[in-house]
Amino acid sequence: MALGRRLKLLFLSTALAAAAGHAIAARPAGPDHARIVTEDLPRFWRAFDASRAAAPAARAGIFQRDYLDAGSDGLAVFTRLRIGDGAQLAATIDRHPRYYASLRARLAGVAAQEPALRAGFRRLAEIYPAAEFPDVYLLVGRMNSGGTLGEEGLMIGLEMYGRYPDTPDEELGEWHRAVLRDLEGLPHIVVHELVHYQQRYALGASPTLLQMAVNEGVADFLGELATGHHINAHVHAWAEPRARELWAEFAARRHDTSAKGWLYDPTPGQDRPADLGYWMGYRIARAYYERSPDKAAAVREMLTITDFEAFLARSGLAETLGGPEEGAISH
């Protein structure tokens, strides 16, 4: 299954779980008491070292036994949703051995990110006092997910946060070169996922492109309010000069249940970013917030959308990007 399709399916399962009123068993706490769980990192490095000294045929079993099977509850969920099994993890590492080896020194600094993480948690609680904070598991995965929700809380794939100017990158493809970032980006993705944890949307089994884009865009926008940054700067840089033409394309397709060309759809050799839906959803959310005289109410409304067409209409973005005749959305 192609990476884009795989990520779309995983997104849908995450979104539906969140929309169902949290079929998530994590123990929500306040911003200063949510657990940040790092116990799986030493296990990963022990398995990594053992695998490097073993024959290639033995590596899958080492990662399965010493890392995945021995891991935390969060790692068990992340394995089911994102990693798959020891063979898949070993295969990814074998394709990127120098990159994974470079992660050890970088991820040693993860504890230094806790103050920034807590600051983002507190700011999210300020803008949305009803916010709940589940356990956050910091893990190493197989380069297909920066973060996701599961029944144990938030799971963050730290291997997506190890790219620095001196990182060996000859093993990386175009998509990874675009999306991998350094550890300073960790608070932004964690708070992005925390916003998803707060969302109460009835998306149904086949969400529309509009629903999917707003789901991600609200997380990006509120994440930016809480941390000062969102997670898609490279997408925004490409999209903003093309905003009007992208709006026209999006408006025509917003009822589609296919996200092709907009979300979770990396196309090698194509200039267009894979996740333009994040940008469009962000623009809709930001426009809605800026138009609202009551900012606290706007945040609550963003997290409890029941009518996405009405939300889009009230944002006024169609008039901003399309003009009153060609772009207005009526509801």
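The opening residue of the sequence shown carries number 1022 in the working numbering; numbering runs sequentially from there.
Ideal placement from N, C-alpha and C gives every residue a C-beta, glycine not left out.
Predicted, not measured: the structure shown is a model, and the values here were computed from it.
> Given Ala1247, which residues of its chain have a CB within under 7 Å of its CB, disregarding the five upstream and five downstream residues?
Replying inline: Position 226 of the sequence shown holds residue 1247. Gly1141, Arg1144, Leu1145, Ile1148, Val1212.
> Can you tell me where the alpha helix (DSSP H) with Ile1148 in it begins and where it stops?
Replying inline: The residue given as residue 1148 occupies position 127 in the sequence shown. For Ile1148, the uninterrupted alpha helix (DSSP H) run begins and ends at 1135-1148, by DSSP.
> For Thr1169, which residues does DSSP report across the bridge?
Replying inline: Here residue 1169 refers to the residue found at position 148 of the sequence shown. Answer by DSSP bridge pairing, in chain order: Met1176.
>> Going by beta-carbon coordinates alone, are Ala1357 and Ile1083 separated by less than 8 Å?
In response: The chain is shown only over 1022 to 1352; residue 1357 falls outside these bounds and no answer can be derived.
> For Glu1261, which residues from the same chain have a beta carbon less than 7 Å from its beta carbon, with the 5 sequence-adjacent residues on both sides left out?
Replying inline: Residue numbering aside, residue 1261 sits at position 240 when the sequence shown is read from its first letter. None.
> Can you name, in chain order, every residue of its own chain whose Cβ lies under 6 Å from the Cβ of Thr1059, other than the five neighbours on each side?
Replying inline: Counted from its first residue, the sequence shown places residue 1059 at position 38. Apart from sequence neighbours up to five positions away, the residues of its chain that approach Thr1059 with a beta-carbon distance below 6 Å are Leu1159, ordered along the chain.
> Alpha carbon to alpha carbon, how far is Trp1300 from Pro1150?
Replying inline: The residue labelled residue 1300 in the question sits at position 279 within the sequence shown. The residue labelled residue 1150 in the question sits at position 129 within the sequence shown. Using only the alpha carbons, I get a separation of about 26 Å.
> Span of the alpha helix (DSSP H) holding Val1353?
Replying inline: It is not possible to answer for residue 1353, since the shown part of the chain is limited to 1022 through 1352.
>> Using C-beta distances below 8 Å, list every residue in its chain close to Ala1167, excluding the 5 sequence neighbours before and after it, in chain order.
In response: The count along the sequence shown starts at 1 and reaches residue 1167 at position 146. The amino acid at residue 1167 is misidentified as Ala; the sequence shows Gly. Correct list, in chain order: Ile1177, Gly1178, Met1181, Tyr1182, Val1200, Ile1210, Ile1252.
> Looking at the unbroken alpha helix (DSSP H) that takes in Leu1110, where does it start and where does it end?
Replying inline: Locating residue 1110 in the sequence shown gives position 89, where the first residue counts as 1. It spans 1107-1116 - the alpha helix (DSSP H) in which Leu1110 sits, taken as one unbroken run.
>> Applying the 10 Å Cβ sphere with the 16-neighbour rule, what's the burial state of Thr1100?
In response: Here the question's residue 1100 lines up with position 79 in the sequence shown. Buried is the call here.
>> On a Cα-Cα basis, can you pick out the residue from Ala1273, Asp1292, Gln1232, Ile1326 that is closest to Ala1339?
In response: Here the question's residue 1339 lines up with position 318 in the sequence shown. The residue with the shortest Cα to Cα distance from Ala1339 is Ala1273.
> Which one or two residues does DSSP pair with Phe1065 in a beta bridge?
Replying inline: As a first step, residue 1065 is located in the sequence shown; it is residue number 44 there, counting from the start. For Phe1065, no pairing in a beta bridge is given by DSSP.
> Taking C-alpha atoms, which residue in Asp1053, Leu1324, Val1161, Thr1188 lies nearest to Tyr1218?
Replying inline: Stepping through the sequence shown from its first residue, residue 1218 is reached at position 197. The shortest CA-to-CA distance from Tyr1218 to any of Asp1053, Leu1324, Val1161, Thr1188 is the one to Leu1324.
> Can you pull the DSSP bridge partners for Asp1158?
Replying inline: One-based indexing of the sequence shown puts residue 1158 at position 137. Note that residue 1158 is Tyr in the sequence shown here, rather than Asp. Tyr1158 pairs with Val1058, Met1176.
> What's the call for Thr1327, buried or exposed, on a 16-neighbour Cβ count within 10 Å?
Replying inline: Here residue 1327 refers to the residue found at position 306 when the sequence shown is read from its first residue. Label assigned to Thr1327: exposed.
>> Quick check: the region 1186-1198 against the region 1217-1231, are at least 3 beta-carbon pairs closer than 8 Å?
In response: Result no; under three Cβ-Cβ pairs closer than 8 Å.
> Can you name the start and end residues of the alpha helix (DSSP H) that Arg1312 belongs to?
Replying inline: Taking the first residue of the sequence shown as 1, we reach residue 1312 at position 291. Unbroken alpha helix (DSSP H) run through Arg1312: 1297-1312.
>> According to DSSP, Ala1122 sits in a beta bridge with which residue or residues?
In response: Indexing the sequence shown from 1 puts residue 1122 at position 101. According to DSSP, Ala1122 bridges with nothing at all.
> Secondary structure at Ala1050, three-state DSSP: helix, strand or coil?
Replying inline: Your numbering for residue 1050 matches position 29 in the sequence shown. Strand.
> Does the region 1294-1311 come within contact of the region 1235-1246, defined as at least 3 CB pairs closer than 8 Å?
Replying inline: Short answer: they touch.
> On the premise that Ala1234 lies in contact with Leu1284, defined as a C-beta separation below 8 Å, what is that separation, rounded to the nearest angstrom?
Replying inline: Numbered from its first residue, the sequence shown carries residue 1284 at position 263. Numbered from its first residue, the sequence shown carries residue 1234 at position 213. Yes, Leu1284 and Ala1234 are in contact; Cβ-Cβ is about 7 Å, under 8 Å.
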